[in-house]
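*Asks:*
There are 4 protein chains.
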Amino acid sequence: MSKGRLEAFSDGVVAILITILVLELRIPRGADWAALRPLLPVFLTYVLSFAFLGIYWNNHHHMLHLADRINGGILWANLHLLFWLSLVPFTTGWMGENYWAALPAAVYGVVLLMAAIAYTILQRAIIAGQGPDSRLAAAIGSDTKGKLSIALYATAISLAFVNQWFSDALYIVVALMWLIPDRRIESRVTE
Amino acid sequence: MSKGRLEAFSDGVVAILITILVLELRIPRGADWAALRPLLPVFLTYVLSFAFLGIYWNNHHHMLHLADRINGGILWANLHLLFWLSLVPFTTGWMGENYWAALPAAVYGVVLLMAAIAYTILQRAIIAGQGPDSRLAAAIGSDTKGKLSIALYATAISLAFVNQWFSDALYIVVALMWLIPDRRIESRVTE
Amino acid sequence: MSKGRLEAFSDGVVAILITILVLELRIPRGADWAALRPLLPVFLTYVLSFAFLGIYWNNHHHMLHLADRINGGILWANLHLLFWLSLVPFTTGWMGENYWAALPAAVYGVVLLMAAIAYTILQRAIIAGQGPDSRLAAAIGSDTKGKLSIALYATAISLAFVNQWFSDALYIVVALMWLIPDRRIESRVTE
Amino acid sequence: MSKGRLEAFSDGVVAILITILVLELRIPRGADWAALRPLLPVFLTYVLSFAFLGIYWNNHHHMLHLADRINGGILWANLHLLFWLSLVPFTTGWMGENYWAALPAAVYGVVLLMAAIAYTILQRAIIAGQGPDSRLAAAIGSDTKGKLSIALYATAISLAFVNQWFSDALYIVVALMWLIPDRRIESRVTE
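These protein sequence lines are chains A, B, C and D, in that order. For the first sequence, the numbering used here gives the first residue as 43, with consecutive numbering after it. For the second sequence, the numbering used here gives the first residue as 43, with consecutive numbering after it. For the third sequence, the numbering used here gives the first residue as 43, with consecutive numbering after it. For the fourth sequence, the numbering used here gives the first residue as 43, with consecutive numbering after it.
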């Protein structure tokens, strides 16, 4: 099975998701600052979601670099990841339009959490296919960043019902934490 | 004619279809559970359609692996398949928004049935191009799963007018039946 | 300059156009036959536009096969073609929703006519880059089919103001005329 | 890291942006000239945005031709460029629907300005990765056209509040200035 076609399909889906996000930025009725102002929370959510999808594309790119073989399990684990990512435009729009409400902020986090779990499953499927000398397993090590993200998302989801700003802050922390591509893998690739 | 460009075009179309599906998940007006609840049937239909498009991409991927030559007939048979798949976002939205109505459930099945028939036609066009020693024909054998799917879709369409849940159950059965990539072809490829 | 990236970009644009066409099929309010019936003209226009975009993809595919070099002029001629094709979802939706009106049917034809002219310009740009021994020029010959299409589109545009059915019939005639990929080029490629 | 996948992802995003632009051309209610006329400003803005996205794709294509290595910084600089380009459909729709208003014309320019700055940052990231003998640096020289564009965009943004036509004229000037692919790079590639 060809890794190239898996990469191309995933890139296609992420490219479309990152682009149709903009359709959530509804064109305002008026043409003055007053018409633009209500768009600000949607725009900020848009920036955050754009960053998350960019991070996933980036890390997916690095991870597949270290994959040797693609099997049926990897194909499905990849589609499972794409499924959760495909919900990002919806949660972006809902959180953007209800910026001070708890539930949309929590649901936004649930989709990010499920995507992070799906990413971990995909990682394990690739490692399982590579056997004990897996290059990817060596590159990832204890995957502290991955586990920390999942813990932070779970915290953010619960905190949304206390105060939505806690959740937002945590989402931004996770995004910043990942904005640098995975050096562990990058250094392996260079070797 | 290049197989690569046919694969890339098909992947592009399926990637876009699987992604614009999410546009059918309309952002609810409110921000509480009550606002989210009416979305549940649309979401479940979304999951089902995502699975079907994922299955088609997966099997299309496997099938083209065993194709040697691409001719005009194969190009058109492929576009014919993409045509029926392109209607999935529409039927998903319509069934999702009218979850207890017979006609949308039946039309959902008609599009799946036509896509399954188009897939079979594409399969035959590839086999016809390969001649008597077709690797694809050998891999597919009697195509029991393909024929069974078509029979199940036809049954589901009629049952929609009795009770829509029968149809839904059958659609799920067909999806589960295919969720494993075609082992027959996979083993051939490995050989 | 790489032909591959030009092909990939064009395929991407056409794949997206052929897919977002379906967004013009608005989900009906009701769930019975009465709700579905008004969609019929939009659906038929959808089928026609799908066929036209499929034909363009197909012939574009064949034409670029015979292109040796890509230069700046070819890049822009290609973008010019994509521009006119990009208007097809708009004209499809407008004609579909106003099926018995003259102007939408004429505008539908104008976009097809401009796309056909843009295709001819692209063809000439490729031939000009190849010089006197152009393989594409030899394959195309006098380009009767191309010239005839342009004449038929022009006729259909004027006839739309007499009776829209004449235009529709002519659009279908042109589509059928092209549904077979360009044998002249195909035979050249095989040689 | 593979340049191919970066190019494919960027091409995908630009192809989708250039295509979903057409969704801003809302289908008019009526079917006569009166219904079509209000679309004219949206259509003209559409043509302008299509040209800008085409220019970016074209120049991006040329620039990456001269890139040797892709590193993490280049990936993020590229995503940053795509972010600003992703806002073009929104600003196109807003300016198109409010054609005689100052603010939408200024915001249209702000997005173009930020995209131009992002392009320059990407250029520098590639040059930095290539070291003192950078082929791209040699090809670009003093980058007069790039600097002039940024100055013209800044002027156009301020002039929008005087008279929107000044801004429009400047946007068209910049587009025309770039409609020819970068000869400096093209000649380097040929060498």
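For glycine and all other residues, C-beta sits at the position ideal for the given N, C-alpha and C. Values in this document were obtained by computation on a predicted structure and should not be read as measured data.
What is the DSSP secondary structure of D/N101, counted as helix, strand or coil?
*Replies:* Taking the first residue of the fourth sequence as position 1, residue 101 of chain D is located at position 59. Of the three classes helix, strand and coil, the one that applies to D/N101 here is helix, per DSSP.
*Asks:* Quick one: does B/G54 have its CB under 8 Å from some CB of chain E?
*Replies:* Checking the listed chains, one finds no chain E in this structure; the protein chains it contains are A, B, C and D.
*Asks:* Is there contact here, the stretch 68 to 88 of chain A with the stretch 136 to 143 of chain D, by at least three beta-carbon pairs under 8 Å?
*Replies:* yes
*Asks:* To be precise: take each residue of the stretch 91 to 118 of chain D, compare its Cβ to all Cβ atoms of chain C, and keep it if any distance is under 7 Å. Which residues remain?
*Replies:* F92, G96, W99, N100 and H103
*Asks:* Quick check on A/E49 - is its C-beta less than 8 Å from some C-beta in chain B?
*Replies:* Position 7 of the first sequence, counted from the start, is the residue given in the question as residue 49 of chain A. Judged by the 8 Å Cβ criterion, A/E49 is not in contact with chain B.
*Asks:* Excluding the 5 residues preceding and the 5 following A/K189 in the sequence, name in chain order all residues of the same chain whose CB lies nearer than 8 Å to its CB.
*Replies:* The residue given as residue 189 of chain A occupies position 147 in the first sequence. Same-chain partners within the cutoff: there are none.
*Asks:* Within 10 angstroms of the Cβ of D/S28, are there 16 or more other Cβ atoms? Answer buried if so, exposed if not.
*Replies:* In this structure chain D extends from 43 to 233, so residue 28 of chain D is not present and cannot be described.
*Asks:* Any beta-carbon of chain A closer than 8 Å to the one on D/G135?
*Replies:* Taking the first residue of the fourth sequence as position 1, residue 135 of chain D is located at position 93. D/G135 counts as touching chain A.
*Asks:* Would DSSP call B/D210 helix, strand or coil?
*Replies:* Locating residue 210 of chain B in the second sequence gives position 168, where the first residue counts as 1. It is helical.
*Asks:* Between the stretch 204 to 222 of chain C and the stretch 82 to 97 of chain A, do at least 3 Cβ pairs fall closer than 8 Å?
*Replies:* no
*Asks:* Answer with buried or exposed for D/P146, where buried requires no fewer than 16 other C-beta atoms within 10 angstroms of its C-beta.
*Replies:* The residue given as residue 146 of chain D occupies position 104 in the fourth sequence. Label assigned to D/P146: buried.
*Asks:* Could you tell me which chain A residues have their CB closer than 9 Å to the CB of B/V20, listed as they occur along the chain?
*Replies:* Examination of residue 20 of chain B is not possible in this model, given that chain B is present from 43 through 233 alone.
*Asks:* Check A/L124 in the structure and name its three-state DSSP category.
*Replies:* Here residue 124 of chain A refers to the residue found at position 82 when the first sequence is read from its first residue. A/L124: helix per DSSP, three-state reduction.
*Asks:* Out of C/G183, C/G171, C/V56 and C/A158, which has the shortest C-alpha to C-alpha gap to C/G114?
*Replies:* Numbered from 1 along the third sequence, position 72 holds the residue referred to as residue 114 of chain C. Nearest C-alpha to C/G114: C/G171.
*Asks:* Does the beta carbon of C/A143 sit closer than 8 Å to a beta carbon anywhere in chain D?
*Replies:* Looking up residue 143 of chain C in the third sequence gives position 101. So yes, C/A143 belongs to the interface.
*Asks:* Would you tell me roughly how many angstroms separate the C-alpha atoms of D/L127 and D/S52, rounded to the nearest one?
*Replies:* Reading the fourth sequence from its first residue, position 85 is the one you call residue 127 of chain D. Reading the fourth sequence from its first residue, position 10 is the one you call residue 52 of chain D. Near 11 Å, if we compare the C-alpha coordinates of D/S52 and D/L127.
*Asks:* Counting only beta-carbon separations shorter than 8 Å, does C/A73 have a partner in chain B?
*Replies:* The residue labelled residue 73 of chain C in the question sits at position 31 within the third sequence. True, the Cβ-Cβ gap to chain B drops below 8 Å.
*Asks:* Evaluate C/S191 with the Cβ neighbour count: other Cβ atoms within 10 Å of its Cβ, from every protein chain shown; 16 or more gives buried, anything less gives exposed.
*Replies:* Residue 191 of chain C sits at position 149 when you count from the first residue of the third sequence. Looking at its Cβ environment, which holds 16 or more other Cβ atoms inside 10 Å, C/S191 is buried.
*Asks:* Which chain A residues are close to B/L67, counting only those with a beta carbon under 7 Å from its beta carbon?
*Replies:* Residue mapping note: residue 67 of chain B aligns to position 25 of the second sequence, counting from 1. F132, listed in chain order.
*Asks:* Let me check understanding here. Comparing Cα to Cα, which of A/A167, A/A196 and A/A193 lies closest to A/L108?
*Replies:* Residue 108 of chain A sits at position 66 when you count from the first residue of the first sequence. For A/L108, the nearest C-alpha among the options comes from A/A167.
*Asks:* Give me, in chain order, the residues of the same chain whose beta-carbon lies closer than 8 Å to that of B/L48; leave out the 5 immediate sequence neighbours on both sides.
*Replies:* Stepping through the second sequence from its first residue, residue 48 of chain B is reached at position 6. Here the set comprises L106, I112, I116, L117 and N120.
*Asks:* On a CA-only basis, which of C/I163, C/V130, C/R68 and C/L164 is nearest C/A148? Give me that one, please.
*Replies:* By one-based count along the third sequence, residue 148 of chain C stands at place 106. Nearest C-alpha to C/A148: C/V130.
*Asks:* With distance defined between alpha-carbon atoms, name the residue in A/V56, A/K45 and A/A143 nearest to A/I97.
*Replies:* Translated into the one-based positions of the first sequence, residue 97 of chain A becomes position 55. When only C-alpha atoms are compared, the closest one is A/V56.
*Asks:* Nearest-angstrom Cα distance between C/A50 and C/N101?
*Replies:* In the third sequence, counting from the first residue as 1, residue 50 of chain C sits at position 8. In the third sequence, counting from the first residue as 1, residue 101 of chain C sits at position 59. Computed Cα separation, rounded: 15 Å.
*Asks:* Measure the Cβ-Cβ separation of A/L67 and A/V84 and say whether it is below 8 Å.
*Replies:* The count along the first sequence starts at 1 and reaches residue 67 of chain A at position 25. The count along the first sequence starts at 1 and reaches residue 84 of chain A at position 42. Going by C-beta atoms, A/L67 is nearer than 8 Å to A/V84.
*Asks:* Quick check: what's the CA-CA separation for B/I163 versus C/V153?
*Replies:* If you number the second sequence from 1, residue 163 of chain B lands on position 121. If you number the third sequence from 1, residue 153 of chain C lands on position 111. Going by the C-alpha atoms only, they are around 32 Å apart.
*Asks:* For C/P80, return the contacting residues in chain B, with the cut-off set at a CB-CB distance below 7 Å.
*Replies:* Translated into positions along the third sequence, residue 80 of chain C becomes position 38. By Cβ distance, chain B contributes nothing, its closest Cβ being about 13 Å from C/P80, past 7 Å.
*Asks:* Is the separation between the beta-carbon of A/I69 and that of D/F132 shorter than 8 Å?
*Replies:* For this step, residue 69 of chain A is matched to residue 27 along the first sequence. For this step, residue 132 of chain D is matched to residue 90 along the fourth sequence. In this structure, D/F132 lies closer than 8 Å to A/I69 by Cβ.
*Asks:* I'd like the list of long-range same chain contacts for C/T197, defined as Cβ closer than 7 Å, with 5 residues on each side in sequence excluded.
*Replies:* Here residue 197 of chain C refers to the residue found at position 155 of the third sequence. Cβ neighbours of C/T197 beyond the five flanking positions: L212.
*Asks:* If you check the beta carbons only, do D/I159 and A/I58 fall under 8 Å apart?
*Replies:* Indexing the fourth sequence from 1 puts residue 159 of chain D at position 117. Indexing the first sequence from 1 puts residue 58 of chain A at position 16. Cβ distance not < 8 Å, so D/I159 and A/I58 don't count as in contact.
*Asks:* Output, in chain order, the set of chain A residues within a Cβ distance shorter than 8 Å of D/P146.
*Replies:* Start at 1 with the first residue of the fourth sequence, and residue 146 of chain D comes out as number 104. Residues of chain A passing the Cβ test: A73.
*Asks:* Could you work out which residues of chain D lie near C/L218, taking near to mean beta carbons separated by less than 7 Å?
*Replies:* Reading the third sequence from its first residue, position 176 is the one you call residue 218 of chain C. Chain D residues near C/L218: none, gap ~26 Å exceeds 7 Å.
*Asks:* Give me, in chain order, the residues of the same chain whose beta-carbon lies closer than 8 Å to that of D/Q206; leave out the 5 immediate sequence neighbours on both sides.
*Replies:* For this step, residue 206 of chain D is matched to residue 164 along the fourth sequence. So the list reads Y141, W142, A143, A144 and A147, once near-sequence residues are dropped.
*Asks:* Let's see if you can read the secondary structure: which residues bound the alpha helix (DSSP H) around B/D175?
*Replies:* As a working note, residue 175 of chain B is residue 133 in the second sequence. Where B/D175 is concerned, there is no enclosing alpha helix (DSSP H), given that its DSSP letter is neither H nor E.
*Asks:* Quick check: what's the CA-CA separation for B/G183 versus B/G173?
*Replies:* Counting from one through the second sequence, the residue named residue 183 of chain B turns up at place 141. Counting from one through the second sequence, the residue named residue 173 of chain B turns up at place 131. Taking the straight line joining both Cα atoms gives about 15 Å.
*Asks:* Measure from the alpha carbon of B/Y195 to the alpha carbon of each residue in B/A181, B/I214 and B/L123, then state which is nearest.
*Replies:* The count along the second sequence starts at 1 and reaches residue 195 of chain B at position 153. Minimum Cα distance to B/Y195 is reached at B/I214.
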